[in-house]
Every structure is written in C-alpha cells, then in structure tokens.
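Per full-length UniProt numbering: the sequence shown = residues 1 to 216. Backbone N, C-alpha and C fix where the C-beta goes; we use that ideal spot for every residue, glycine too. The structure displayed is predicted, hence computed values, not measured ones.
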Amino acid sequence: MANSSVATIRKTFGVTLERTLRELNGESCIELEEVRKVKQQILCSRSFGKKVLDIDTMRKAVCDYAERAAEKLREEKQRCRIIGLFIQTSRHASGEDYANSASIKLEYHSSDTRDIINAAMRGLDAIWREGYRYYKAGIILSDFTNSDITQFDMFSTQKPFKNSDELMKTLDTINNSGLGKVWFAAKGGDSGYQMKREMLSPAYTTNFDELPVVKC
1 MANSSVATIR KTFGVTLERT LRELNGESCI ELEEVRKVKQ QILCSRSFGK
51 KVLDIDTMRK AVCDYAERAA EKLREEKQRC RIIGLFIQTS RHASGEDYAN
101 SASIKLEYHS SDTRDIINAA MRGLDAIWRE GYRYYKAGII LSDFTNSDIT
151 QFDMFSTQKP FKNSDELMKT LDTINNSGLG KVWFAAKGGD SGYQMKREML
201 SPAYTTNFDE LPVVKC
C-alpha cells in the first residue's frame with residue numbers, strides 16, 4: 001500500500017485512507033488529538049427537588065449518584081482510584097451558606113460499585129453538618145486506569161472484592177435489560193429526596209408511559 005499513488009488512493013477511497021498512506025510513507029498527517037480521548041473524570045450531580053435535612057436521606061442520594069457514576073465508569077472500561085464528594089446548600093438561602101467536599105483515595109483502582117459507595121459514605125461522614133437544608137450533592141470519580149491492565153498492590157491491607165468484575169458485569173446486564181433494577185441496600189427504596197424532575201431524562205426504553213407521542 002505504501003507504494004500506491006496518493007492521488008489514486010484519495011480519489012478512490014477518500015482523504016482518511018490518503019492520510020494513512022502518507023503516514024506509511026513517513027509523513028505526519030494524523031494529529032494526536034484525532035485519537036479518542038479517555039475521560040479524565042466522571043461527574044454525577046443533581047439538585048434536589050426538596051431540601052435534604054438529615055444524613056440518612058443524604059446517604060440515599062449519595063449512594064444513588066455513586067451507583068450511576070460507577071456504571072458510567074464501567075461503560076468507559078476504566079477503573080478509578082479517587083472518589084470525590086460534595087454537598088452544598090442553596091446560595092440563595094439566607095443564613096444557610098454551607099458547602100464542603102471530601103476526596104477519598106482507594107488503595108487500588110476499582111470499578112466496583114461497593115468500593116465507590118463505601119468511599120463516598122466515608123467522605124459524607126467527614127463533611128456532614130447538621131442544621132442545614134441541603135440543595136445539591138455530587139460524586140466525582142478521577143485518577144483512571146484502563147480496566148484491562150490494572151495491577152493490584154500485593155502488599156495492600158485492603159483487597160479487591162472477590163469476583164468483582166463478574167458481579168459488576170451481571171449487575172449491569174440486569175439493569176440494562178429493562179426487565180428490572182437491582183440496587184444496593186444503602187440506597188433504600190423510597191428516595192426521600194427526589195431529584196428535580198425537569199433534569200431527569202425520559203426512560204424511553206424501559207417505561208411505556210414515557211414513550212414520545214407524535215401527533216399528525
């Protein structure tokens with residue numbers, strides 16, 4: 001292919017293959033930015049439909065966000081090592097200005113929802129303050145590594161969950177099937193906090209009531 005005519009290749013197959021041919025001939029044509037970039041962080045955050053007053057309700061919300069962030073992490077075929085958490089009151093509420101964040105570093109990179117939830121709960125315990133009406137919370141995952149090449153520290157005191165990858169794969173399969181939803185006990189049943197409904201994406205594939213209606 002390297003000996004082919006550049007003009008012929010471009011005319012027949014287009015500019016993309018022409019660039020490949022030029023690269024084979026030692027000419028730099030493909031910028032590094034054209035390669036798909038791996039995300040540097042994953043954020044899951046929502047404003048609450050009603051203010052959160054107690055830590056138990058906040059735990060359910062944080063657990064929900066941690067689950068969603070972990071699912072997205074596995075979709076990206078990544079593991080993370082740093083789990084960030086933030087909580088805040090409304091900036092428009094007089095006398096209730098409080099915002100704080102925590103960052104937990106795992107002993108190993110993980111995409112296991114249990115690791116991410118556990119870290120988020122530790123962070124919440126560290127920054128929670130009673131007496132405020134919380135308006136928003138969020139989870140931020142960072143410090144990624146590819147899930148296919150992860151190495152664990154054999155001297156670490158904390159070990160990964162046994163059969164973690166297999167369990168998470170099964171969990172994702174069930175939750176993406178539309179046949180039901182599996183969640184962790186920390187999230188509970190009734191959320192008690194409710195995200196703002198206008199920010200919630202329609203569930204076209206799993207809820208017939210949310211199918212779009214076309215009128216002619």
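query: Applying the criterion that 16 or more other CB atoms from any shown protein chain within 10 Å of the CB defines a buried residue, is Ala126 buried or exposed?
result: Looking up residue 126 in the sequence shown gives position 126. Exposed, since its Cβ has fewer than 16 Cβ neighbours within 10 Å.
query: Can you name the start and end residues of the beta strand (DSSP E) that Ala99 belongs to?
result: The sequence position of residue 99 within the sequence shown is 99, counting from 1. Ala99 -> beta strand (DSSP E) spans 99-110.
- request: For the beta strand (DSSP E) containing Asn146, list its first residue and its last residue.
  value: Numbered from its first residue, the sequence shown carries residue 146 at position 146. Segment 134-146, the beta strand (DSSP E) holding Asn146.
task: Count the other CB atoms, across all protein chains shown, that sit within 10 Å of the CB of Lys162; report buried if there are 16 or more and exposed otherwise.
output: The residue given as residue 162 occupies position 162 in the sequence shown. Exposed, since its Cβ has fewer than 16 Cβ neighbours within 10 Å.
query: Taking the beta strand (DSSP E) that Ile83 falls in, what are its first and last residues?
result: Sequence index remark: in the sequence shown, residue 83 carries index 83 (1-based). Start and end: 78-89.
query: Based on Cα-Cα distance, which residue from Thr57, Ile42, Leu43 lies nearest to Gly49?
result: Reading the sequence shown from its first residue, position 49 is the one you call residue 49. Measuring from the Cα of Gly49, the nearest candidate turns out to be Thr57.
- request: Could you have a look at Ala7 and say whether DSSP puts it in helix, strand or coil?
  value: Against the sequence shown, residue 7 aligns to sequence position 7. Reduced to three states, the DSSP call for Ala7 is helix.
- request: Would you check if the region 57-75 and the region 97-106 touch, i.e. whether three or more CB-CB distances between them fall below 8 Å?
  value: no
- prompt: Is it true that the CB of Arg68 sits closer than 7 Å to the CB of Cys44?
  reply: As a working mapping, residue 44 is identified with position 44 in the sequence shown. As a working mapping, residue 68 is identified with position 68 in the sequence shown. Yes.
message: Check this for me: beta carbons of Val52 and Tyr108, under 7 Å apart or not?
response: Position 52 of the sequence shown, counted from the first residue, corresponds to residue 52. Position 108 of the sequence shown, counted from the first residue, corresponds to residue 108. Contact: no.
task: Count the CB pairs spanning the region 109-121 and the region 89-99 that are closer than 8 Å, and state whether there are at least three.
output: no
Among Asp97, Ile82, Ala120, the one whose alpha carbon lies nearest that of Cys63: Here the question's residue 63 lines up with position 63 in the sequence shown. Of the candidates Asp97, Ile82, Ala120, the one whose C-alpha sits nearest the C-alpha of Cys63 is Ala120.
field: CB contact flag (Gln88, Lys136, <7 Å)
entry: Sequence index remark: in the sequence shown, residue 88 carries index 88 (1-based). Sequence index remark: in the sequence shown, residue 136 carries index 136 (1-based). Yes, the Cβ-Cβ distance between Gln88 and Lys136 is below 7 Å.
query: If you run the structure through DSSP and keep just helix, strand and coil, what is Lys60?
result: If you number the sequence shown from 1, residue 60 lands on position 60. Residue state, collapsed to three classes: helix.
Range of the contiguous alpha helix (DSSP H) that encloses Lys169: Taking the first residue of the sequence shown as position 1, residue 169 is located at position 169. Start and end: 164-176.
message: Under DSSP, the alpha helix (DSSP H) around Leu124 begins and ends at which residues?
response: Mapped onto the sequence shown, residue 124 falls at position 124. Unbroken alpha helix (DSSP H) run through Leu124: 113-127.
- request: Return the bridge partner residues of Leu43 from the DSSP annotation.
  value: Taking the sequence shown and counting its residues from 1, the one referred to as residue 43 is at position 43. Leu43 is bridged to Ile140.
message: For Ala7, count the other beta carbons within 10 Å of its own beta carbon; 16 or more makes it buried, fewer makes it exposed. Which is it?
response: In the sequence shown, counting from the first residue as 1, residue 7 sits at position 7. It counts as exposed.
- prompt: Buried or exposed: where does Gly131 fall if 16 or more other Cβ atoms within 10 Å of its Cβ makes it buried?
  reply: For the purposes of this step, residue 131 is identified with residue 131 of the sequence shown, where counting begins at 1. That one is exposed.
query: Do Trp128 and Ile55 have their C-beta atoms within less than 7 Å of each other?
result: The count along the sequence shown starts at 1 and reaches residue 128 at position 128. The count along the sequence shown starts at 1 and reaches residue 55 at position 55. It is a contact, given that the beta carbons lie within the stated cut-off.
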